[in-house]
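Everything below concerns the one structure shown next.
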Amino acid sequence: MTSNASLQSRRVAAIPRGVATAYPVFAKRAEGSEIWDVDDKRYVDFGGGIAVLNTGHRHPKVIAAVREQLDAFTHTAFQIVPYEPYIELCEKLNALAPFKGEAKSILFSTGAEAVENAVKIARAATGRTNVIAFTGAFHGRTLMTSALTGKVAPYKKKFGPMPGGIWHVPFPVSQLGTTVADTLKAIEYLFRADVDPVNVAAFIIEPVQGEGGFHPAPTELLEALRKLCDQHGILLIADEVQTGFARTGKMFGIENSGVEPDLLTIAKSLAGGFPLSGVIGRAEIMDAAEPGGLGGTYAGSPIACAAALAVLDVIAEEKLIDRANSLGDRIKGELARFARRNDTVAMSAIRGPGAMVAFDIVKGRGSEEPDADATKRVTTAALAEGLVLLSCGVNANTIRILMPLTISDEILAEGLGKLEKALVAANA
Ligand code: PMP
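Numbered per my numbering, the sequence shown spans residues 91 to 518.
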């Protein structure tokens, strides 16, 4: 009989350890903000398939749109016989672009592919090669995106050499002791010691670092980057793969700063559970690559485009941007209450715009010393309580909350109750 235990042993035997899994439980079905495993245990989902499910599991409108597309055709390859859903989706994305002037969009399948292509487009548009990224950043697991990612273990370990022309400067995080002034000084040194700014194609930045620990990029930094870009003819790429589509209380995370990027990479919640990604950019930049230089066999799958069109409707109809803000306020309020209890693991730095909420687990109240072991105990205890909960962060001590924005008040309260119990249970 299929059980979590039997699937775990088959998984270990058949699949390499390089693809790590957070939990030894296996999905049987999922709906809204709930998942059931093959042993029929129910979980409240605070992981959202890593920020993919802002509209929840199997949103009825998304499923209906996919069903309709399945009955028409599933694949022709946009590069061979193109189709309307791809065009309609790009028109809608262009209208959402958070910058003035004309936009164009192109579609791919994964977040890493979107980032790869944003770099290709930026290089083609500027005729320059170098790209500057940030420590703690995560941009994907292909070779170029691993190079852009600002963390060696496990993303670069054993996989070198990495592609050239990539530089990292410190990302400002008060808990880690880095400031915007440190970042700007490092860029100044980089421009003096290693790279002539006239050879820099782009800066790439997550408006809120995701895997790196849910650290918002300070508005002051984004404004300074915009200024440097304008001064030196460099492009600003916002990696919105994790922050996009209402999560941060705006359609795109960078809108919280008012800074206009030149290119945006999107994926995850774009298509509500179907593999789809894209690059939105200023029209003149987007047309720089030669015909045939961009694309991919499955890029912009019609099934995923149909799903994404439904996702955009759901975000508007269900006012998920407003909902993200009210959910975030409620969650932060509850977390602050948990933090005041004296019987939980020590929590600090409750943060995040909209519903992109996180906090750190530290070695004692008032301390800033990360406690990765206690964090692991929290996620393990949460699973036992029936809550899927994700950690992240360069020190593996951040708990992030990525529940669907469609979650009901009742299930949210239930999930927060489970989280509270896990925080107490982990206080070993
Ligand atoms: N960029 C960011 C900001 C991400 O969070 C991720 C995935 N966590 C990626 C890129 C890569 O996306 P994918 O895993 O779909 O390739």
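Just so you know, even glycine gets a beta-carbon here, dropped at the ideal spot from N, CA and C. Predicted, not measured: the structure shown is a model, and the values here were computed from it.
Practice task
Decide if residue 165 is buried, meaning its Cβ has at least 16 other Cβ atoms within 10 Å, or exposed.
Solution key: exposed
Problem - Proximity to residue 154 [Cα-Cα], best of 399, 493, 459, 432 - result: 399
Handout entry: Distance cut 6 Å, beta-carbon to the ligand PMP heavy atom: residue list by chain order
Key = 140, 200, 201, 202, 205, 228, 229, 230, 296, 300, 301, 329, 331, 332, 357
Handout entry: Where residue 234 sits in the DSSP three-state scheme
Key = helix
Exercise for the section: Starting from residue 466, follow the alpha helix (DSSP H) in both directions and report where the run begins and ends. Expected result: 462-475
Handout entry: residue 321 classed as buried or exposed, judged by whether at least 16 other C-beta atoms fall within 10 angstroms
Key = exposed
Exercise for the section: Report yes if the CB atom of residue 37 is closer than 9 Å to the CB atom of residue 350, and no otherwise. Expected result: Past the edges of the chain, shown from 91 to 518, lies residue 37, and the structure says nothing about it.
Exercise for the section: Determine the DSSP secondary structure at residue 497, reduced to helix, strand or coil. Expected result: coil
Problem - Reference residue 384, options 145, 177, 206, closest by Cα - result: 206
Problem - Environment of residue 100 [buried if 16+ CB atoms lie within 10 Å] - result: exposed
Handout entry: Same chain only: Cβ atoms within 8 Å of residue 473, ignoring 5 sequence neighbours per side
Key = 113, 115, 133, 479
Handout entry: Residues that residue 321 bridges to, as DSSP identifies them
Key = Partner(s): none; residue 321 has no beta bridge.
Exercise for the section: Determine, using beta carbons only, whether residue 506 and residue 179 come nearer to each other than 9 Å. Expected result: no
Problem - Buried versus exposed call for residue 109 [16 or more other C-beta atoms within 10 Å across all chains shown] - result: exposed
Practice task
Let me know if residue 366 comes out buried or exposed under the rule of 16 or more other beta-carbons within 10 Å of its beta-carbon.
Solution key: buried
Handout entry: Alpha-carbon spacing of residue 453 relative to residue 382, whole angstroms
Key = 54 Å
Problem - Among 239, 301, 200, 513, the one whose alpha carbon lies nearest that of residue 554 - result: Nothing in the structure corresponds to residue 554, since the chain is present only between 91 and 518.
Exercise for the section: Please state if the CB of residue 390 and the CB of residue 197 are separated by a distance shorter than 9 Å. Expected result: yes
Exercise for the section: Inspect the beta-carbon positions of residue 224 and residue 168 and report whether they are closer than 9 Å. Expected result: no
Exercise for the section: Starting from residue 368, follow the beta strand (DSSP E) in both directions and report where the run begins and ends. Expected result: 367-372
Exercise for the section: Answer yes if the segment 145-161 comes into contact with the segment 338-356, meaning at least three C-beta pairs across the two stretches below 8 Å, and no otherwise. Expected result: no
Problem - Simplified DSSP state of residue 480, which is helix, strand or coil - result: strand
Practice task
With DSSP as the reference, label residue 289 as helix, strand or coil.
Solution key: helix
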